[in-house]
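Chemist:
2 protein chains.
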Amino acid sequence: MHISKFVAPEIIFGKHSIQQAGEACLRLGAKKVLIVSDYGVAKAGWLEKVISICQESHLPVATFIEVTENPKDHDVVSGCRVYIENECDAIIGLGGGSALDTAKAIAILAVNGGEISDYEGVDKIEKPLPPLIMIATTAGSGSEVSQFSVIVDSERQKKMTIISKSLVPDIAIVDPITLVTKDSFLTATTGMDVLSHSVEAFVSMAATPLTDVQAKNALSLVCKYLRPSVASKANEEAKEGMAMASLQAGLAFSNAILGAVHAISHAIGGKLLISHGEINAVLLPYIMDFNFIAVPDRYMKIAEYMGIDTRGLNERQAGNEAIQFVRDLASDIGVPLGLSELGFTEDMIDTMSTLALQDACMITNPRDISLDQMKKLLRSTL
Amino acid sequence: MHISKFVAPEIIFGKHSIQQAGEACLRLGAKKVLIVSDYGVAKAGWLEKVISICQESHLPVATFIEVTENPKDHDVVSGCRVYIENECDAIIGLGGGSALDTAKAIAILAVNGGEISDYEGVDKIEKPLPPLIMIATTAGSGSEVSQFSVIVDSERQKKMTIISKSLVPDIAIVDPITLVTKDSFLTATTGMDVLSHSVEAFVSMAATPLTDVQAKNALSLVCKYLRPSVASKANEEAKEGMAMASLQAGLAFSNAILGAVHAISHAIGGKLLISHGEINAVLLPYIMDFNFIAVPDRYMKIAEYMGIDTRGLNERQAGNEAIQFVRDLASDIGVPLGLSELGFTEDMIDTMSTLALQDACMITNPRDISLDQMKKLLRSTL
Chain A
0 MHISKFVAPE IIFGKHSIQQ AGEACLRLGA KKVLIVSDYG VAKAGWLEKV
50 ISICQESHLP VATFIEVTEN PKDHDVVSGC RVYIENECDA IIGLGGGSAL
100 DTAKAIAILA VNGGEISDYE GVDKIEKPLP PLIMIATTAG SGSEVSQFSV
150 IVDSERQKKM TIISKSLVPD IAIVDPITLV TKDSFLTATT GMDVLSHSVE
200 AFVSMAATPL TDVQAKNALS LVCKYLRPSV ASKANEEAKE GMAMASLQAG
250 LAFSNAILGA VHAISHAIGG KLLISHGEIN AVLLPYIMDF NFIAVPDRYM
300 KIAEYMGIDT RGLNERQAGN EAIQFVRDLA SDIGVPLGLS ELGFTEDMID
350 TMSTLALQDA CMITNPRDIS LDQMKKLLRS TL
Chain B
0 MHISKFVAPE IIFGKHSIQQ AGEACLRLGA KKVLIVSDYG VAKAGWLEKV
50 ISICQESHLP VATFIEVTEN PKDHDVVSGC RVYIENECDA IIGLGGGSAL
100 DTAKAIAILA VNGGEISDYE GVDKIEKPLP PLIMIATTAG SGSEVSQFSV
150 IVDSERQKKM TIISKSLVPD IAIVDPITLV TKDSFLTATT GMDVLSHSVE
200 AFVSMAATPL TDVQAKNALS LVCKYLRPSV ASKANEEAKE GMAMASLQAG
250 LAFSNAILGA VHAISHAIGG KLLISHGEIN AVLLPYIMDF NFIAVPDRYM
300 KIAEYMGIDT RGLNERQAGN EAIQFVRDLA SDIGVPLGLS ELGFTEDMID
350 TMSTLALQDA CMITNPRDIS LDQMKKLLRS TL
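Sequence order for the protein chains is A and B. Take 0 as the starting number for the first sequence in numbering that gives the first Met the number 0 and just add one per residue. Take 0 as the starting number for the second sequence in numbering that gives the first Met the number 0 and just add one per residue.
(1) For the region 67-97 of chain A, list every residue whose C-beta sits within 8 angstroms of some C-beta in chain B, in sequence order.
(2) Indicate whether at least one CB of chain B lies closer than 9 angstroms to the CB of Val221 (chain A).
(3) Select from B:Met287, B:Gly39 and B:Gly92 the residue whose C-alpha is nearest the C-alpha of Val32 (chain B).
(4) Report the three-state DSSP secondary structure of Ile64 (chain A) (helix, strand or coil).
(5) Just the C-alpha distance for Gly240 (chain A) and Gly306 (chain A), rounded to the nearest angstrom, thanks.
(6) If I follow the unbroken alpha helix (DSSP H) through Asn9 (chain A), where does it start and stop?
(7) Helix, strand or coil, according to DSSP, for Lys4 (chain B) in the structure here?
(8) To which residues does DSSP link Ile172 (chain B) through a beta bridge?
(9) Against chain B, with Cβ distances strictly below 9 angstroms, would Thr207 (chain A) count as a contact?
(10) Strictly below 8 angstroms CB to CB, what residues from chain A border Ser16 (chain B)?
(11) Quick check: the region 252-262 of chain A against the region 202-216 of chain A, are there 3 or more CB pairs under 8 angstroms?
(12) Pull out every residue of the region 220-244 of chain A whose Cβ sits closer than 7 angstroms to any Cβ of chain B, in chain order.
(13) Does the beta carbon of Leu246 (chain A) come closer than 9 angstroms to any beta carbon on chain B?
(14) Below 6 angstroms CB to CB, which residues in the same chain sit around Ala104 (chain B) once its five sequence neighbours on both sides are set aside?
(15) Is the region 21-41 of chain A touching the region 53-70 of chain A, taking contact as three or more C-beta pairs under 8 angstroms?
(16) Pair every Cβ in the region 162-180 of chain B with every Cβ in the region 200-207 of chain B, then say whether three or more of these pairs are closer than 8 angstroms.
(17) How is the beta strand (DSSP E) around Gly94 (chain B) delimited, first residue to last?
(18) Quick one, which of A:Asn279, A:Val193 and A:Cys24 has its alpha-carbon nearest Leu131 (chain A)'s?
(19) Under DSSP, the alpha helix (DSSP H) around Phe184 (chain A) begins and ends at which residues?
(20) For Lys157 (chain B), which residues does DSSP report across the bridge?
(21) Answer with yes or no whether the minimum CB distance from Val6 (chain A) to chain B is below 9 angstroms.
(22) Spell out the partners DSSP gives Val179 (chain B) in its beta bridges.
(23) For the region 275-320 of chain B, list the beta strand (DSSP E) runs that are entirely contained and at least 3 residues long, ordered along the chain.
(24) Is it right to say Asn313 (chain A) is buried, meaning 16 or more other beta carbons lie within 10 angstroms of its own, or is it exposed?
(25) Find out if the Cβ-Cβ distance for the pair Met351 (chain A), Lys270 (chain A) is shorter than 9 angstroms.
(26) Kindly list the residues whose CB is nearer than 7 angstroms to the CB of Val21 (chain A), restricted to its own chain and excluding five residues on each side of it in sequence; keep chain order.
(27) I'd like to know if Phe289 (chain B) contacts chain A, where contact means its C-beta is closer than 9 angstroms to some C-beta of that chain.
(28) Looking at Glu119 (chain A) and Ile50 (chain A), is the spacing between their C-beta atoms short of 9 angstroms?
(29) Lys270 (chain A) CB to nearest chain B CB: under 9 angstroms?
(30) Per DSSP, Phe147 (chain B) is paired with what?
(31) Enumerated in chain order, which unbroken segments of the beta strand (DSSP E) with a length of 3 residues or greater are wholly contained in the region 13-60 of chain B?
(32) When you compare only the Cα positions, how much space is there between Met0 (chain B) and Ala230 (chain A)?
(33) Hey, quick one: how far does the alpha helix (DSSP H) through Thr210 (chain B) stretch, first residue to last?
(34) Could you name the residues of the same chain whose beta carbon sits closer than 6 angstroms to that of Gly94 (chain B), not counting the 5 residues immediately before and after it, in chain order?
(35) Could you check whether the Cβ of Gly13 (chain A) sits closer than 9 angstroms to any Cβ belonging to chain B?
(36) Does His15 (chain A) pass the burial test, meaning 16 or more other C-beta atoms within 10 Å, or should it be called exposed?
Written out as structure tokens, the structure is:
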């Protein structure tokens, strides 16, 4: 065993835990807080809710809700301006991965200055960030507990992955009730993202016993609760299961990092600006199949955690069952099965292959991938 | 499900991770660090090791090694004096629960003043503590990750339990190699403490899915590795298993709190000043038997996590097997089976019963205990 490192924020999990948002900010010494969110979350009523919770705690707020899906560098600059003009000293991220990653990036710029691209890569942040309180509303990104922020460089049309312990929020609030306003397609795609996080963290080169327990639990929960969660907005048990799955998958991948699914997804997502969860859903079974030979024993466990009866199966057979499980799940909940459905075309393969191999998430993929192998992989996913 | 809260320090786990102690202090801004430890740890060479690691990082140190087993309020006062006289600004705790709990208590007094008894109970600490770096060398207390510090009030002959998020260290370093210098009896008693933490956290009224995964893993690891760890100082795989068990049990009980085993153990330990692990080892099977009716389904799981084949067993039978497993384990590794072997006498029952019922750990015990029941329980353990 190598040396394992593990970091996590303080976590507040449970129905109606969103009520603690104001008190959480006060506890961290906040005097005026910037709430970073998006129009969808605002429309669903959660922004208003959090504003009123802060007001009950006599905590003045400013808001920035112009966050876009696959958030851009210029979103971050605009948000940072609002933070500074309003003399804020703490940030609430409220929403899915886009809102939370933008909130983190605003915190970086507000204190450290420069451009967000200056912080791409690992451990580039020097000055400590203002208090960060993250309220996750999608059961997907895991950003509420992770040391990641992914922002699109709009000029290079490329997703920048920023990794730093400073990005682990101070407090993560996960309230399953916030999930009941999500439509079924968003539930499906963000849920497939949770599945990708669990699998990639579990087979990562940087996996440790501390991340394995989280990945294992997340995997079991998502395999049990994603279908019923997509089926019904009102199924609170399923929402709670998915919220916990997302949280635990976040703890796993934040510390074990990810692999080729996310490396490719970052490359394609920067260009096509389509949903991260959809791209991951398509890629996952292909990459699982490719990676199998690196860690066959781990695939036996993945199959078990998925609930597959592995008695009498060898590792290859169990691995195949696990891969088929992912395809069946994706098909059941109606996410695409090929990248061509998402607008990815054959002429993008060369550029995307090169970009994917440069992504920080490739370092922990359990199997080496050559440029030729990457091109072949991408062609197979069309 | 209620609202779950979970806090954990940054964790550095693995063989030779102790080498990162100096760098960890520097990262937290330390200019001069007080190392709090005891003679046993110093004699085993670990104090000298950590001093030289700090020197390599050009970090001046002061030391306080007068920590006693079941550490006293006056130990804390003496240590605090050393901290202030040497103008330290950070603290390393190095050792088992006694050294780590003393290090935490020194941190409280150094910044908040007053007497340590002022902080007994939950959330009494007001000012933020100096950076705390905990290096665990016993695979027992879990103090390196917990929000607990237990200090003896020497006048009242009573253990005071101090619980506060402020007591969660900034960085926990767990190096299994430090365990190879422990004698077999200390390995046995501290290991039984890990078992108590896992079981009590798992059946606690405050258990949550986040603590359950930790308790479950800790339980499986301790049941697998405690015997071989007691058998051989050189079995590094067993040391690593026990170090992880202790860490995960610590994460579980720090957030789920404990129960009657620890409540009684705190009462008796303050009076008799005998090893905490020994008292817990004796009490655990009796309390497990008493608590069974509160959470029978949990006992089925405990039996499974212990590795017991539960096919065909009902909950009561599985519970009995689990309790017998604990007795067999204690017997195999040579820890006492009755409190009378530890100097506990019948005339102490009344006082100890009253004290135990006042302990903070009683609140989360899954079954209510009346004073009469408590007396009867204690009588049965003689």
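C-beta: ideal position from N, C-alpha, C; glycine also. All values derive from a computational prediction rather than experimental measurement.
Modeler: So, from the listed chains and residues:
(1) So the list is empty, because no residue satisfies the distance condition.
(2) no
(3) Ranking the options by Cα distance to Val32 (chain B), first place goes to B:Gly92.
(4) coil
(5) 15 angstroms
(6) It should be pointed out that residue 9 (chain A) corresponds to Glu in this sequence rather than to Asn. Taken as a continuous stretch (DSSP letters only), Glu9 (chain A) belongs to no alpha helix (DSSP H), being part of the beta strand (DSSP E) at Glu9 to Phe12.
(7) strand
(8) B:Ile11 and B:Ile134
(9) Judged by the 9 angstroms Cβ criterion, Thr207 (chain A) is in contact with chain B.
(10) Ile2
(11) Touching, yes.
(12) Glu239 and Met243
(13) yes
(14) Val75, Ile115, Ser148 and Ile150
(15) yes
(16) no
(17) Counting along the chain, the unbroken beta strand (DSSP E) around Gly94 (chain B) starts and ends at Ala89 to Gly94.
(18) The shortest C-alpha separation from Leu131 (chain A) is found at A:Cys24.
(19) Ser183 to Val202
(20) B:Asp152
(21) yes
(22) Answer is none; Val179 (chain B) lacks a bridge partner.
(23) none
(24) exposed
(25) Cβ distance < 9 angstroms, so Met351 (chain A) and Lys270 (chain A) count as in contact.
(26) A small fix is needed here, since residue 21 (chain A) is Gly in this sequence, not Val. The answer, listed in chain order, is Ile52, Cys53, Glu55, Ser56 and Leu58.
(27) no
(28) no
(29) no
(30) B:Ile162
(31) Within the region 13-60 of chain B, the beta strand (DSSP E) runs of at least 3 residues that lie entirely inside it are, in chain order, 32-35.
(32) Here the model assigns Met0 (chain B) a pLDDT of 49, short of 50, so the residue's position is not dependable and the matter cannot be decided.
(33) Counting along the chain, the alpha helix (DSSP H) containing Thr210 (chain B) begins and ends at Pro208 to Ala230.
(34) Ser36, Asp37, Val40 and Thr136
(35) yes
(36) exposed
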